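Reminder that position 39 of the sequence shown reads as 158 in our numbering, one-by-one numbering, no gaps.
C-beta: ideal position from N, C-alpha, C; glycine also.
Nothing here was measured: the structure is a model prediction, and the numbers come from that model.
Here's the structure we're looking at; comments come further down.
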Amino acid sequence: VSDAVLQAMKKLKKANNKMPTPPTGLPTSSMPDEQEVDPVLLSLSKLAELISPVNEQLAWDVLNEVVQSANRSKLDTSQGHIGFEPNVFRRLSERDDARTYQVANELKDRLERIVALANIYQGLSDREKKASSSQKIRGQL
Numbered sequence: 120v121s122d123a124v125l126q127a128m129k130k131l132k133k134a135n136n137k138m139p140t141p142p143t144g145l146p147t148s149s150m151p152d153e154q155e156v157d158p159v160l161l162s163l164s165k166l167a168e169l170i171s172p173v174n175e176q177l178a179w180d181v182l183n184e185v186v187q188s189a190n191r192s193k194l195d196t197s198q199g200h201i202g203f204e205p206n207v208f209r210r211l212s213e214r215d216d217a218r219t220y221q222v223a224n225e226l227k228d229r230l231e232r233i234v235a236l237a238n239i240y241q242g243l244s245d246r247e248k249k250a251s252s253s254q255k256i257r258g259q260l
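As C-alpha cells, this is what we get:
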C-alpha cells in the first residue's frame, strides 16, 4: 500500500493543473479554470482521507503535501473555492487533534485555514457529544 500511495503522490506532484480542452462546440468559458478547480489538490486530499484508516503515518505525509499544494495553488478563494476535501482534517483529527491543528495552521490562505479548522472543531464536537451520550446511557443503567 505504501509504495502505491508514494507512487501516486509522485505522479500527482508532477501532474499539471490545467483542465482538459472543452469538447468541440462548447465555449472555453464554460469550463472551470485553475482559479476554480485544482485537480491535484483535490486528489491529494482524497488520497489522504482514504489512506488514513490503513496507514496513519502515510496519511500525515499526504496531508502535509496537501497543505504545500494548497499554498502553491492558484485557486481564487475569494469565490469560495478551497480546492481540497475538508473532511480529511476531521478524519485525521480523530487520531491526533494537536497535530491536525498544527498542519491546518500551516495553510496560508485564510479561508482554507478557517475551513480546515472548522472541520477539526466539528470532529471534536462530534466526539464530545458521543462521549457525553455514552456517559448518560451508562448513568441510566
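Given a threshold of 16 other Cβ atoms within 10 Å of its Cβ, counted over all protein chains shown, does Val159 qualify as buried or as exposed?
-> The residue in question, Val159, is buried, as its Cβ has 16 or more Cβ neighbours within 10 Å.
Would DSSP call Glu204 helix, strand or coil?
-> Correct three-state label for Glu204: coil.
Supposed close pair Leu182, Leu211 - CB separation, criterion 8 Å | That pair is a contact at about 6 Å.
Can you give me the start and stop residues for the alpha helix (DSSP H) that Glu213 sits inside?
-> Careful: Glu213 lies outside any alpha helix (DSSP H) and carries neither H nor E.
Among Leu131, Arg214, Ser252, Leu230, nearest to Asn174 - alpha-carbon criterion | From the listed residues Leu131, Arg214, Ser252, Leu230, the smallest Cα separation to Asn174 is found for Arg214.
Residues near Lys130 in its chain [Cβ-Cβ closer than 7 Å; skip 5 each side] | So the list is empty, once near-sequence residues are dropped.
Supposed contact pair Ser164 and Val185 - C-beta distance, whole angstroms, cut 8 Å | The Cβ separation is near 5 Å, so the contact holds.
Per-residue DSSP class, three states only, for Asn238 | Residue state, collapsed to three classes: helix.
For Leu125, which residues from the same chain have a beta carbon less than 6 Å from its beta carbon, with the 5 sequence-adjacent residues on both sides left out?
-> Excluding positions up to five away in sequence, the list is empty.
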